[in-house]
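Positions -17 to -1, 1 to 232 (mature numbering (1 follows the signal peptide of the UniProt record, and there is no 0)) are the ones given, in order, by the sequence shown.
Heads up, the beta-carbon is just placed ideally off N, CA and C, and yes, glycines get one too.
All values reported here derive from a predicted model rather than from experimental measurement.
One structure is given below, encoded as structure tokens.
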Amino acid sequence: MKTFTIILLMSVAAAFAAHGQQQADEVSNQQKIIPQRTRISVRVLDKHTLRPIEATIMVVGQRPEDLVVPIFEDGVYQFKMSAKDMGVISIHANGYETYSEIIAARTLRPTKIFYLTPLENTDSCKKEPLILSELDLKEEIETVLLFTQSEPSMLPESNQELEILADYLVRNTVPRIELSGHTDDVGDPRKNLLLSYDRVDEVKKFLLSKRIEMGRIRGRAFGSGLPVAPNDCEANRRLNRRVEIRIVP
């Protein structure tokens, strides 16, 4: 009887061990699942003329073997990154300074614009500034400025981008500027509407300080009514705290 009991217990233990191993294998397989990847679009423009530039782009992830070369499609360079990944993007183009920047997928906008600076010894720096009608852009020039939470002040990266756009608008007096202010959905909707107005005014004041005529600037505010991402996490809410800029003929 004892022998039978021992054999039975050993059989039960073996069954539990097998079940445990199966669960461990399932967990292991789940850990090997490739994480969700975010599609990122990149545009590369000349800093002075806002012309599109034909460039070679490389993105290196946190591991050296994670090298990605974006594919050029529909006017933008596209690639994918793990939603929680970070990497270094390097942009090379003939006649321009090489540009490198650390990027994090969770903080990137759906379309990110990079501006390259012409080399000093190239002919492109000697040319007169071009007006918008001379540019070979097939669409309006669009960009997005991001803001700190509950404030009308821009994030440092957006300050730099606004400087580049203002320099272009000073050089080229034909284009008009359309500003659209937005917020995330945190807080009172009425206060968010006022905050979106304040963000538009902040950009407008900066442009006026650069002696860009008031008649060229038009601004609107939408509060939290037109999000570009779900307001379900801080990374997405960050994308909604914005002023969209359109430079149009």
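Problem - Closest residue to residue 88 among 44, 145, 134, 230 (Cα-Cα distance) - result: 44
Handout entry: Extent of the continuous alpha helix (DSSP H) to which residue 146 belongs
Key = 139 to 154
Exercise for the section: Decide if residue 185 is buried, meaning its Cβ has at least 16 other Cβ atoms within 10 Å, or exposed. Expected result: buried
Handout entry: residue 125 vs residue 199 beta-carbon contact at 7 Å
Key = no
Handout entry: Buried/exposed call for residue 187, threshold 16 Cβ in 10 Å
Key = buried
Exercise for the section: Indicate the three-state DSSP secondary structure (helix, strand or coil) for residue 92 in the structure shown. Expected result: coil
Exercise for the section: Return the CA-CA distance between residue 65 and residue 21, expressed in angstroms with no decimal places. Expected result: 6 Å
Exercise for the section: Kindly indicate which three-state DSSP category residue 63 falls into: helix, strand or coil? Expected result: strand
Practice task
Check each candidate in 33, 55, 31 and name the one with the smallest Cα separation from residue 25.
Solution key: 55
Handout entry: Length of the line joining the Cα atoms of residue 144 and residue 222
Key = 16 Å
Problem - Coarse secondary structure for residue 55, derived from DSSP in three states - result: strand
Problem - Secondary structure of residue 38, DSSP reduced to three states - result: coil
Handout entry: Residue burial classification, residue 15 (beta-carbon count within 10 angstroms, cutoff 16)
Key = At residue 15, the pLDDT of 43 sits below 50, so the modelled position is not reliable; the number obtained from the coordinates is stated separately. With fewer than 16 other Cβ atoms within 10 Å, it is exposed.
Exercise for the section: State yes or no: is the C-beta of residue 129 within less than 7 Å of the C-beta of residue 138? Expected result: yes
Practice task
Report the option in 181, 100, 39 whose CA atom is closest to the CA atom of residue 72.
Solution key: 39
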